[in-house]
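Structure first, commentary second.
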Amino acid sequence: MAVSYKDLGLVNTRELFAKAVKGGYAIPAYNFNNMEQLQAIIQACTETQSPLILQVSKGAREYANQTLLRYMAQGAVAYAKELADAAGQKPIPIVLHLDHGPDFETCKSCIDFGFSSVMIDGSHLPYEENVKLTRRVVEYAHQHDVTVEGELGVLAGVEDDVKAEKHTYTQPEEVEDFVKRTGVDSLAIAIGTSHGAYKFKPGDDPKIRLDILHEIEKRIPGFPIVLHGSSSVPQELVKIINENGGKLKDAIGIGEDQLREAAKSAVCKINIDSDGRLAMTAAIRKVFNEKPEEFDPRKYLGPARTALKELYKHKNIAVLGSAGHAQD
Ligand code: G3H
Ligand code: 13P
Ligand code: ZN
Numbered sequence: 119m120a121v122s123y124k125d126l127g128l129v130n131t132r133e134l135f136a137k138a139v140k141g142g143y144a145i146p147a148y149n150f151n152n153m154e155q156l157q158a159i160i161q162a163c164t165e166t167q168s169p170l171i172l173q174v175s176k177g178a179r180e181y182a183n184q185t186l187l188r189y190m191a192q193g194a195v196a197y198a199k200e201l202a203d204a205a206g207q208k209p210i211p212i213v214l215h216l217d218h219g220p221d222f223e224t225c226k227s228c229i230d231f232g233f234s235s236v237m238i239d240g241s242h243l244p245y246e247e248n249v250k251l252t253r254r255v256v257e258y259a260h261q262h263d264v265t266v267e268g269e270l271g272v273l274a275g276v277e278d279d280v281k282a283e284k285h286t287y288t289q290p291e292e293v294e295d296f297v298k299r300t301g302v303d304s305l306a307i308a309i310g311t312s313h314g315a316y317k318f319k320p321g322d323d324p325k326i327r328l329d330i331l332h333e334i335e336k337r338i339p340g341f342p343i344v345l346h347g348s349s350s351v352p353q354e355l356v357k358i359i360n361e362n363g364g365k366l367k368d369a370i371g372i373g374e375d376q377l378r379e380a381a382k383s384a385v386c387k388i389n390i391d392s393d394g395r396l397a398m399t400a401a402i403r404k405v406f407n408e409k410p411e412e413f414d415p416r417k418y419l420g421p422a423r424t425a426l427k428e429l430y431k432h433k434n435i436a437v438l439g440s441a442g443h444a445q446d
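Under my numbering, residues 119 to 446 are what the sequence shown spells out, in order.
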């Protein structure tokens, strides 16, 4: 049976993005696959009073089961309310978003299942096919007041099953036509970010193309822009992982200063997943290494959850600038 996100206490991205663009900050889009990640995200965003986009990928749906994930998101709304009540605050607004929707059917299934926002990722398709597919998803989503993110340009790295060796930067001259013809609510662009922990090679100048971002902004002033692949790969986490038996060689991310710069512009959603994976892995490896006698999952997932929460609080406060904007 179909369920509307409105009955689950979720919101779509429309108003949140308008406020973020105006306020010069970006809303965090954090991926989750399990309970500890979800708890850390809700706690961090409540404590920093940040609006939140909870992301579910196709891989997450396969890993955790889509029914369970949906009820977890519903539980997250109730949990956020409980935390807010205890602190005498209003609950933070929460969006439930499909990350990298691969086709119309997956987007439709999520919309019918209580998601308030979907991404249709037609970025690997020829331009006209991307327009057609995105338009189809928008038509269905908007009937349900669900917002849609499209993508133009291809990020290097791994996205679900697809691996692109090289960036294909978004062409600024295409964005106006794409936005107009598809009716999307936000646009993900490729300006040198990429998925995973290996975003640059040693010796590369680890910079994203803010010049392309500004060129795009000139063509679609005030239109909500999304950055994927925006983990910073904190070197202190890589060090802990490697000191405790891990083997992450030459892992390099996007500088926090560059993300902060981008967040001040029309970039109003920044996707972060890998940094959370690193924080959890570092904390778990440390426990395994230092206390080999432990075998209660709470004894290593608990520290992992705490590390994750601290990481997300730092992002909201110092990188995205979303802290304090939950009730804008
Ligand atoms: O875009 C990729 C996200 O980090 C989700 O990753 O497809 O492995 O769940 P995943
Ligand atoms: P990272 O791999 O840089 O965390 O990017 C995540 C992402 O873009 C999810 O859509
Ligand atoms: Zn992504």
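The C-beta atom is built at its ideal place from N, Cα and C for all residues, glycine as well.
Item	Value
Phe318 to Asp203 span [Cα, whole Å]	44 angstroms
Contact under 8 angstroms by Cβ, Ile68 with Thr252	No answer is possible for residue 68: it lies beyond the span of the chain, which begins at 119 and ends at 446.
Per DSSP, the bridge partner or partners of Phe231	Val121
Where the beta strand (DSSP E) through Gln173 begins and ends	170-175
Asp391: CB within 7 angstroms of a non-hydrogen atom of the ligand G3H	yes
Distance CB(Ala425)-CB(Ile359) smaller than 8 angstroms	no
Closer than 7 angstroms: Ala178 CB and nearest the ligand G3H heavy atom	yes
Gly268 versus Ile343 - alpha carbon distance	10 angstroms
Same chain only: Cβ atoms within 8 angstroms of Ala182, ignoring 5 sequence neighbours per side	Asn151, Asn152, Met190
Val195 vs Leu273 beta-carbon contact at 8 angstroms	no
Cβ-Cβ distance between Gly66 and Gln155 below 8 angstroms	For residue 66 there is no data in the structure shown, the boundaries of the chain being 119 and 446.
Ser350 beta carbon near the ligand SAM (any heavy atom closer than 7 angstroms)	As presented, the structure is devoid of the ligand SAM, carrying the ligand G3H, the ligand 13P and the ligand ZN as its sole ligands.
DSSP-derived helix/strand/coil call for Leu251	helix
Identity of the residue in Ala198, Glu412, Tyr430, Ala144 nearest Leu126 by Cα	Ala198
Sequence-distant residues of its chain with Cβ nearer than 6 angstroms to Val385 (five each side left out)	Ala144, Ile343, Leu345
Whole-number beta carbon distance between Val213 and Ile238, since they are thought to touch under 8 angstroms	Wrong, their Cβ atoms sit about 16 angstroms apart, outside the cutoff.
Expected contact under 8 angstroms - CB spacing of Arg423 and Ala147 to nearest Å	Not really, about 19 angstroms apart at Cβ, beyond 8 angstroms.
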